[in-house]
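Enquirer: Encoded as structure tokens, here's the structure I'll be asking about.
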Amino acid sequence: MIPNYIEHLGIAVNNLEESIRFYEQVFGLTCYAIEEVKEQKVRTAFFQVGQTKIELLESTDPEGPISKFISKKGEGIHHIAFAVSDIEDKLKKVESRGVQLIDRTPRKGAEGLDIAFLHPKSTQGVLMELCEKNS
């Protein structure tokens, strides 16, 4: 399975507004979207850097996955997301190659993407996300 490109890097942050200011002031980037994904208990902010995006992730719930991640590891890179075509087929292919899936079927993510996560226990310690634009 060869991904189309790196869709985004997800970065867990404590304070979305402070982090947006950092990326805007230090790197001169422009935040083009802020979105809440209630099902994932997260608020996101996006920056475009070439073909790849940076997605900042702030928890909206102390029991949410981003809050738990930050409490264990601190702020920082949370996941790498790969753009793919036919996400359901790609999930079957990586699972057949021994990768443990967090999501057996895609779910809705930020920016209207269909997403599915691969477990870091079987991806050399890196949480990986597959993303597909809705048709």
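Take any residue in the sequence shown, note its place counting from 1, add 44, and you have its number in this note's numbering. From the three backbone atoms N, C-alpha and C, an ideal C-beta is built for every residue, glycine too. The structure displayed is predicted, hence computed values, not measured ones.
Within 10 Å of its beta-carbon, does residue 2 have 16 or more other beta-carbons around it, so buried, or fewer, so exposed?
Expert: This structure gives no information on residue 2, because the portion of the chain shown stretches from 45 to 179.
Enquirer: Tell me which residues share the same chain as residue 175 and place their Cβ nearer than 6 angstroms to its Cβ, disregarding the 5 neighbours each side in the sequence.
Expert: The answer, listed in chain order, is 51, 125, 127, 157, 159.
Enquirer: Any chance you could list the beta strand (DSSP E) runs of at least 3 consecutive residues sitting entirely within the segment 99-175, in chain order?
Expert: Within the segment 99-175, the complete beta strand (DSSP E) runs of at least 3 residues are 120-127, 158-162.
Enquirer: Consult DSSP for residue 92 and reduce its assignment to one of helix, strand or coil.
Expert: Looking at residue 92 - three-state DSSP - the assignment turns out to be strand.
Enquirer: Could you please give the first and the last residue of the uninterrupted beta strand (DSSP E) stretch that includes residue 79?
Expert: Unbroken beta strand (DSSP E) run through residue 79: 75-81.
Enquirer: Out of 104, 117, 122, point me to the one whose CA is closest to residue 98's CA.
Expert: With distances taken between Cα atoms, residue 98 lies closest to 122.
Enquirer: Alpha carbons only, please: which of 162, 102, 84 is nearest the one belonging to residue 90?
Expert: Answer by Cα proximity: 102.
Enquirer: Tell me where the alpha helix (DSSP H) around residue 46 begins and ends.
Expert: Neither: residue 46 is in no alpha helix (DSSP H) and is coded neither H nor E.
Enquirer: Determine whether the beta carbon atoms of residue 57 and residue 119 lie at a separation below 8 angstroms.
Expert: Yes, they are a contact pair.
Enquirer: Alpha carbon to alpha carbon, how far is residue 94 from residue 49?
Expert: The straight-line gap from Cα to Cα measures roughly 11 angstroms.
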